Structure formats: C-alpha cells, structure tokens
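Residue numbers (my numbering): 22 to 187.
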Ligand SMILES: [Zn+2]
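Structure (structure tokens):
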C-alpha cells in the first residue's frame with residue numbers, strides 16, 4: 022500500500038508480529054521516502070456469516086468439531102477429519118468470496134464426508150438438512166444406493182439394513 026503520508030508506492034517492514042488471538046499479523050512499516058512509520062494489519066479474508074448474522078473467521082477446527090460429532094463410533098480418524106477440513110477450506114476459498122454463509126460450509130462438508138463414511142454423512146445431513154421424518158432418511162439412502170449403482174460400487178444387500186421382515 023502507498024505511504025499514508027507522502028503516497029510513496031513502497032514501504033519497508035521493520036517489525037512483524039502475530040496478534041494474541043493468532044488471527045492476524047501486525048506489521049510496522051517505514052516509508053523509504055519520507056521516513057514516516059505506520060502499521061498495517063493483515064487477516065485472512067475468509068469470514069463465516071452465522072445464522073445469527075455474526076461473522077467469525079473461517080476455522081478448520083470448527084469444521085472438525087462439527088463433523089466429529091457425526092463420526093462417533095465410526096472408523097474415521099483425526100487425520101481423515103483434518104483432510105476433510107482442508108478440502109472444505111479449499112472448496113470455499115475457491116469461490117473467491119471473502120464472506121461465506123455457514124450454510125455453504127455445511128454444503129461443502131457433505132460431499133467429502135460422504136466419501137469418508139456414509140453413516141456419518143447421513144447423520145450430518147440429517148442435522149444439517151433438518152430431516153423431519155423417516156422418509157427423508159429413506160430418500161437419502163435411496164440416493165446413496167442409486168449412486169452406488171452408477172459407480173459400480175458394492176450395493177448393500179437389503180438384509181444388511183432392514184432388520185425387520187416386511
Ligand atoms: Zn512516505
């Protein structure tokens with residue numbers, strides 16, 4: 022940025038430190054032309070807009086915490102979750118937006134979570150998409166089965182999922 026005193030187009034960083042919350046970097050700069058000193062603050066320009074309207078910096082940790090609940094008892098490791106959170110961050114950063122709805126984070130989680138574990142995916146989707154009835158679950162499971170058919174993946178036999186005879 023230009024020197025705020027003389028508009029010189031360049032400045033020299035004389036000190037650089039991370040703020041206490043770890044979310045931004047403060048740089049002390051000096052203008053090589055007029056010698057004026059000023060401070061710039063650098064933050065990652067990706068904010069999540071929550072349903073309440075509150076904005077907070079995007080956090081992979083929060084993605085992991087949200088998804089981990091859906092993965093309880095499932096064969097999903099911490100490193101799986103770390104990779105998933107990274108994928109989610111890449112997806113939302115690729116939109117180029119500096120603010121993103123919490124809703125869109127949820128959408129970005131669904132795809133990679135489904136790859137990871139379908140049961141965890143259904144749990145997460147049931148909360149996130151506010152499933153209201155068994156029919157909603159059945160529709161999602163039918164979709165999973167249909168997609169298995171398309172990709173040639175193994176389709177669970179009906180006896181594996183229906184414990185009650187009809
Ligand atoms: Zn200057």
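A virtual CB, placed ideally from N, CA and C, is assigned to each residue, including glycine. All of these numbers come straight from a predicted model, not from anything done at the bench.
Residue(s) in a DSSP beta bridge with residue 37: 48
Given 7 Å as the limit, tell me if residue 43 has its C-beta closer than that to any heavy atom belonging to ligand 1.
In terms of side-chain proximity, the C-beta atom of residue 43 is found no nearer than 7 Å to any non-hydrogen atom of ligand 1.
| message | Relative to the C-alpha of residue 53, which candidate in 37, 73, 32, 46 has its C-alpha closest? | response | In this structure, 32 is the residue among 37, 73, 32, 46 with its C-alpha nearest to the C-alpha of residue 53.
3-residue-minimum beta strand (DSSP E) runs that sit fully inside the stretch 70 to 154, ordered along the chain
76 to 78, 120 to 122
Just to be sure I understand the criterion: a residue counts if its Cβ is closer than 5 Å to at least one heavy atom of ligand 1. Which residues meet that?
Sorted by chain position, residues whose beta-carbon lies closer than 5 Å to a non-hydrogen atom of ligand 1 are 24, 26, 27, 29, 52, 54, 55, 57.
* What do you get for residue 130, buried or exposed, if any count of 16 or more other CB atoms within 10 angstroms of its CB means buried? -> buried
Original post:
Quick one: Cα of residue 163 to Cα of residue 70, how far?
Top reply: 32 Å
| request: Run the CB neighbour count on residue 126, radius 10 Å, all protein chains shown included, and call it buried at 16 or more, exposed below. | output: buried
Could you pull the start and end residues of the beta strand (DSSP E) that residue 28 belongs to? No beta strand (DSSP E) holds residue 28; DSSP gives it neither H nor E.
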